[in-house]
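J.: Numbers given in our numbering equal positions in the sequence shown, counted from 1, plus 3. We treat Cβ as the ideally placed atom computed from N, Cα and C, and that holds for glycine. Values in this document were obtained by computation on a predicted structure and should not be read as measured data.
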Amino acid sequence: MLSLTCDEAIGKIEREELFHGLIDGSFRLVIEKYVPFICAAIHNGSKLRADLLPQIDLNQQERWYEEDPLTGEFIESLPIRIIAQDSRYEYDLNRDQNNCIYDVAWGKKVWKEPLSKEAIELGKSKHKAFYTVLDVLVKKLEQKYNTCVVYDIHSYNHQRKTERRDYPIFNIGTEQIRTDRFRPYISRFIKELDKITFENVETTVAENDVFYGRGYLAKHIAALTEKTFVIPLEIKKIYCDENTGDLFPEVIFIIKQGLKNAILSNSLYFMNKESNMRVRSKADLLSSIEDPVLKKVDKSLYSLLKNFETLTYVNPKNLEKCKKQFFNSKYRIEPDFNYIPLRVDPYDLKQKLYQLPVTDIYDISIQGLYQDIINEYVTTIDMLVARGTEDFFYNSLKLYGKPDKKDVKNANYIIQSYGNDDQSLDLLSTEQVLAFFQSEIERWGTGGKVVLSKNMSARAMVNSRKKTLVVNEQAKFDKIDLELLSNHELGIHMLTTMNGFNQPLKMVLLGTPRNVETQEGLAILAECLTGKMHIKRLKDLSYRVIAVDLMVKGLNFREIFEHLIEEYNFTKEDAFNLTVRVLRGGGFTKDYLYLKGFIKVYNYYLQGKPIQELLIGKTSLEYSALLKELIDRGYLKQGKYTNPIFEEGKLDDEIIEYILKSTM
Numbered sequence: 004m005l006s007l008t009c010d011e012a013i014g015k016i017e018r019e020e021l022f023h024g025l026i027d028g029s030f031r032l033v034i035e036k037y038v039p040f041i042c043a044a045i046h047n048g049s050k051l052r053a054d055l056l057p058q059i060d061l062n063q064q065e066r067w068y069e070e071d072p073l074t075g076e077f078i079e080s081l082p083i084r085i086i087a088q089d090s091r092y093e094y095d096l097n098r099d100q101n102n103c104i105y106d107v108a109w110g111k112k113v114w115k116e117p118l119s120k121e122a123i124e125l126g127k128s129k130h131k132a133f134y135t136v137l138d139v140l141v142k143k144l145e146q147k148y149n150t151c152v153v154y155d156i157h158s159y160n161h162q163r164k165t166e167r168r169d170y171p172i173f174n175i176g177t178e179q180i181r182t183d184r185f186r187p188y189i190s191r192f193i194k195e196l197d198k199i200t201f202e203n204v205e206t207t208v209a210e211n212d213v214f215y216g217r218g219y220l221a222k223h224i225a226a227l228t229e230k231t232f233v234i235p236l237e238i239k240k241i242y243c244d245e246n247t248g249d250l251f252p253e254v255i256f257i258i259k260q261g262l263k264n265a266i267l268s269n270s271l272y273f274m275n276k277e278s279n280m281r282v283r284s285k286a287d288l289l290s291s292i293e294d295p296v297l298k299k300v301d302k303s304l305y306s307l308l309k310n311f312e313t314l315t316y317v318n319p320k321n322l323e324k325c326k327k328q329f330f331n332s333k334y335r336i337e338p339d340f341n342y343i344p345l346r347v348d349p350y351d352l353k354q355k356l357y358q359l360p361v362t363d364i365y366d367i368s369i370q371g372l373y374q375d376i377i378n379e380y381v382t383t384i385d386m387l388v389a390r391g392t393e394d395f396f397y398n399s400l401k402l403y404g405k406p407d408k409k410d411v412k413n414a415n416y417i418i419q420s421y422g423n424d425d426q427s428l429d430l431l432s433t434e435q436v437l438a439f440f441q442s443e444i445e446r447w448g449t450g451g452k453v454v455l456s457k458n459m460s461a462r463a464m465v466n467s468r469k470k471t472l473v474v475n476e477q478a479k480f481d482k483i484d485l486e487l488l489s490n491h492e493l494g495i496h497m498l499t500t501m502n503g504f505n506q507p508l509k510m511v512l513l514g515t516p517r518n519v520e521t522q523e524g525l526a527i528l529a530e531c532l533t534g535k536m537h538i539k540r541l542k543d544l545s546y547r548v549i550a551v552d553l554m555v556k557g558l559n560f561r562e563i564f565e566h567l568i569e570e571y572n573f574t575k576e577d578a579f580n581l582t583v584r585v586l587r588g589g590g591f592t593k594d595y596l597y598l599k600g601f602i603k604v605y606n607y608y609l610q611g612k613p614i615q616e617l618l619i620g621k622t623s624l625e626y627s628a629l630l631k632e633l634i635d636r637g638y639l640k641q642g643k644y645t646n647p648i649f650e651e652g653k654l655d656d657e658i659i660e661y662i663l664k665s666t667m
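Here is the structure:
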């Protein structure tokens, strides 16, 4: 943050420089990109000059009550923001210069004794400096874009108002706006604000209800120019206890995120209608300036979690012993799985994760993403600490969820469907399998290696940390199996791993929240588009849903095992392997997400949406819009490696296509 004089700030604006400045110690001006909108928080400040503190007749809480706390924070994600640091009791920027200093405010005497002429003139000079800089900024934006809009952000107390109880969450004052010209942007902003949702509070947006927009900022700009207008917005203080000052962080986050989206959406609409330039997306209105806190948090987060591999700790290390004991006892002795010890101190790791300065990241959307990643990893840590206990299962539910009625219905529908089953092909030797996958790694060009393992329930899996494809030495493969697995494991899981390693922000290598569903969905879709996936593969995914559902309903290992044999004609070997998958750790619900994710990603694919952008790392559909924004802003890159199957492949089975469309 630069300390600048008024003239220095004006010089930087005229030269179109980007900067974070504290102007004369009175207000912050941040310009990260020159765009045709400004966000202002002119009542955000609480600072008083040292010489005024002995003279003021109001305590800090009384002043805070009438200030607009946190309104500056609400706009921190936007590229141009002008935020008052001084209290409105020193001089009120929403009153004209001659009346900007209170004697009495809201029925209370402000000063113990009348202020000296010098003190009053100093306050007025600060008021003048603010508007001098603002005027230059508005003129610069008009020169560049032919127009501008100023979002004038305030907050209001509602608990002292007793006439009614339904005061709006958001109130736009339009009395000083030329509504004949700017009505479309007022209506659009109201519509965007109405999209903000709060828990247990109905979002209400009103125009000229409790406030009318009669403040000086709107009046001043209206007198200055006809090309720019001000939208005064009052936010009901639902984000704090207005009497005690206690803050409600979850509500604050929602307001920050919601305002960012609402202002960007409205400004994009405004710019494309009114300015002399056109932009494609909201991301074009945001800055690409590097946030040093973001880089620090990302680097630290990756350092803490780069060696963390969930499945390594979930797969039983005594699987073969348990299997032999279970079969030899005629299913009476249930498996008692052992697991490799955690290579981290879980409590120390959680503490370090929570100590990362995530809340110091400027952009609220990116801040929220990192908070979500940390929260998901903390749940994963709690789950792994509880291996072999019921708490593992409960944390698995928290992490992955459980099948709902539609998931189970879709699974049963697929299981009962008829179609072209897999052809019986010659099985390949272990040497042939290893040679095939090694040649495929070379073909994909991603690098990596292939190893065998016997302590795993899956046929093959990618260990991202080691950049390794791990193949189950007990599994049997034919040529079609290998082609499908190549697209699944190498064409998605290895490819997204390597793309993640190449990203400036390593959080996409660690994975965005709920990435399992999307990544497995992509992997199954890649199999499907080879044209060689058979109905049996879909049924296998459906059986996983059924097995997880049985486990959630309380069936034990033997009961699930026998149910699969009796109801679905499973072999003992296949029934054991599937039951292990869902009961490892103590109850691992992840497996139902393969089918759910496939259906969701397949629907996404049918809509013609870009699949390759989901391959930049371990991504999830829920965060695709934010990831696209980060790519457009230069924080992330398009993937170095792509999978052409999503452009060149096709689903060459009418029955499977019909079945999939029936599940949507």
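1) How would you write the range of the alpha helix (DSSP H) that TYR661 sits in, first residue to last?
2) Candidates MET497, ILE234, THR622 and SER665: which alpha carbon is nearest LYS469's?
3) Cα-Cα, which of LEU137, TYR380, LEU586 and ARG584 is closest to LYS355?
4) Using three-state DSSP, classify PRO295 as helix, strand or coil.
5) Would you call the region 330-343 and the region 366-378 in contact, with 3 or more CB pairs under 8 Å?
6) Do three or more CB pairs link the region 299-311 to the region 349-365 at distances below 8 Å?
7) Can you give me the C-alpha to C-alpha distance between GLU625 and VAL152, rounded to a whole angstrom?
8) Just mark PHE330 as buried or exposed, buried being the case when its beta carbon has 16 or more other beta carbons within 10 Å.
9) On the three-pair Cβ rule with 8 Å, is the region 519-531 touching the region 628-635?
10) For HIS23, which beta-bridge partners are listed by DSSP?
11) Give the secondary structure of THR471 by DSSP, where H, G and I count as helix, E and B as strand, and everything else as coil.
12) Got a sec? Which residues, its chain only, sit under 7 Å from LEU597 by beta carbon, not counting five neighbours each side?
13) Quick one: what's got a C-beta closer than 6 Å to PHE256's C-beta in the same chain, skipping five residues either side?
14) Once you ignore the five residues that flank PHE185 on each side, which residues in its own chain have a CB closer than 7 Å to its CB?
15) Roughly how many whole angstroms lie between the Cα atoms of ASP155 and THR500?
16) Am I right that GLY494 and ASN646 are in contact with their C-beta atoms under 8 Å? What's the rounded C-beta distance?
17) Starting from the N-terminal side, write out each stretch of the beta strand (DSSP E) that is 3 residues or longer and does not extend beyond the region 298-371.
18) Determine the direct distance from the alpha carbon of LYS239 to that of TYR159, and round the result to whole angstroms.
19) Have a look at LYS129 and LEU5 and give me their C-alpha separation to the nearest angstrom.
20) Which residue spans inside the region 366-423 form an unbroken beta strand (DSSP E) run of at least 3?
21) Could you name the residues of the same chain whose beta carbon sits closer than 7 Å to that of LEU314, not counting the 5 residues immediately before and after it, in chain order?
22) On the three-state DSSP scale, how would you describe TRP668?
23) Report yes if the C-beta distance between HIS491 and GLU530 is below 8 Å; otherwise report no.
24) Pick out whichever of GLN260, LYS259 and ILE241 has its Cα sitting closest to the Cα of PHE251.
25) If you measure between the beta carbons of PHE589 and GLU393, is that distance less than 8 Å?
26) Per DSSP, ASN466 forms a beta bridge with which residues?
27) Which residues does DSSP list as the beta-bridge partners of CYS151?
28) According to DSSP, is ASP3 part of a helix, a strand, or is it coil?
29) Identify, in the order they occur along the chain, each residue of the same chain with its Cβ nearer than 6 Å to the Cβ of GLY261, setting aside the five sequence neighbours on each side.
30) Mind listing, in chain order, the continuous beta strand (DSSP E) runs of no fewer than 3 residues lying wholly within the region 478-544?
31) Hey, is the region 8-17 in contact with the region 115-127, meaning 3+ C-beta pairs nearer than 8 Å?
32) Under the rule that 16 or more other beta-carbon atoms within 10 Å means buried, what is LYS259, buried or exposed?
33) Straight-line CA distance for ASN102 to HIS223?
34) Could you give the DSSP three-state label for TYR571: helix, strand or coil?
35) How about TYR105 and ASP89: are their beta carbons less than 8 Å apart?
T.: Looking at the atomic coordinates:
1) Here residue 661 refers to the residue found at position 658 of the sequence shown. Run containing TYR661: 657-665, per the alpha helix (DSSP H) assignment.
2) Within the sequence shown, numbered from 1, the residue matching residue 469 stands at position 466. A check of alpha carbon separations from LYS469 across MET497, ILE234, THR622 and SER665 identifies MET497 as the nearest.
3) Counting from 1 along the sequence shown, the entry for residue 355 is found at position 352. Closest by C-alpha distance to LYS355, out of LEU137, TYR380, LEU586 and ARG584, is TYR380.
4) Residue 295 sits at position 292 when you count from the first residue of the sequence shown. Of the three classes helix, strand and coil, the one that applies to PRO295 here is helix, per DSSP.
5) No, they do not touch.
6) Yes, they touch.
7) The residue labelled residue 625 in the question sits at position 622 within the sequence shown. The residue labelled residue 152 in the question sits at position 149 within the sequence shown. Put simply, the backbone Cα of GLU625 is about 31 Å away from that of VAL152.
8) Residue 330 sits at position 327 when you count from the first residue of the sequence shown. Under this definition PHE330 is an exposed residue.
9) Verdict: no, contact absent.
10) The residue you call residue 23 lines up with position 20 of the sequence shown. Note: HIS23 sits in a beta bridge opposite VAL33.
11) In the sequence shown, counting from the first residue as 1, residue 471 sits at position 468. It is a strand residue.
12) Position 594 of the sequence shown, counted from the first residue, corresponds to residue 597. Checking the sequence, you will find Tyr at residue 597 rather than Leu. Closer than 7 Å at the Cβ level, and outside the excluded window around TYR597, lie GLU523, ILE527, LEU544 and ARG547.
13) Position 253 of the sequence shown, counted from the first residue, corresponds to residue 256. The answer is none, since no qualifying residue turns up.
14) For the purposes of this step, residue 185 is taken as residue 182 along the sequence shown, with counting starting at 1. Excluding positions up to five away in sequence, the list reads PHE232.
15) Within the sequence shown, the letter at position 152 stands for residue 155. Within the sequence shown, the letter at position 497 stands for residue 500. Roughly 44 Å between the two C-alpha positions.
16) To locate residue 494, count along the sequence shown from 1; it is residue 491. To locate residue 646, count along the sequence shown from 1; it is residue 643. Cβ-Cβ separation between GLY494 and ASN646: approximately 5 Å, consistent with a contact (criterion under 8 Å).
17) Here no run is fully enclosed.
18) Stepping through the sequence shown from its first residue, residue 159 is reached at position 156. Stepping through the sequence shown from its first residue, residue 239 is reached at position 236. Between the C-alpha atoms of TYR159 and LYS239 there is a straight-line separation of about 5 Å.
19) By 1-based counting over the sequence shown, the position of residue 129 is 126. By 1-based counting over the sequence shown, the position of residue 5 is 2. In this structure, the alpha-carbon of LYS129 lies about 18 Å from that of LEU5.
20) Counting only runs of 3 or more, we get nothing.
21) Counting from one through the sequence shown, the residue named residue 314 turns up at place 311. MET464.
22) Past the boundaries of the shown model lies residue 668; the chain is included only from 4 to 667, so the question cannot be answered.
23) Looking up residue 491 in the sequence shown gives position 488. Looking up residue 530 in the sequence shown gives position 527. Yes, they are a contact pair.
24) Along the sequence shown, read from residue 1 onward, the residue named residue 251 stands at position 248. Of GLN260, LYS259 and ILE241, the residue nearest in Cα terms is ILE241.
25) By one-based count along the sequence shown, residue 589 stands at place 586. By one-based count along the sequence shown, residue 393 stands at place 390. The sequence as given places Gly at residue 589; Phe does not occur at that position. Cβ atoms of GLY589 and GLU393: closer than 8 Å.
26) What you label residue 466 is simply residue 463 of the sequence shown in a count that begins at 1. Under DSSP, the beta-bridge partners assigned to ASN466 are THR471.
27) As a working mapping, residue 151 is identified with position 148 in the sequence shown. BP columns for CYS151 point to THR231.
28) There is no way to answer for residue 3, as the model of the chain reaches only from 4 to 667.
29) The residue labelled residue 261 in the question sits at position 258 within the sequence shown. Excluding positions up to five away in sequence, the list reads ILE199.
30) Taking only runs of at least 3 residues, no beta strand (DSSP E) segment lies wholly in the region 478-544.
31) Taking a cut-off of 8 Å for Cβ pairs, the region 8-17 and the region 115-127 do not touch, as fewer than three such pairs fall below it.
32) In the sequence shown, counting from the first residue as 1, residue 259 sits at position 256. Around the beta carbon of LYS259, 16 or more other beta carbons lie within 10 angstroms, which makes this residue buried.
33) Here residue 102 is taken as the residue at index 99 of the sequence shown, counted from 1. Here residue 223 is taken as the residue at index 220 of the sequence shown, counted from 1. Within the model, the alpha-carbon separation for ASN102 versus HIS223 is close to 14 Å.
34) Reading the sequence shown from its first residue, position 568 is the one you call residue 571. Secondary structure of TYR571 (DSSP, three-state): helix.
35) If you number the sequence shown from 1, residue 105 lands on position 102. If you number the sequence shown from 1, residue 89 lands on position 86. Taking 8 Å as the cut-off, the Cβ atoms of TYR105 and ASP89 do not count as close.
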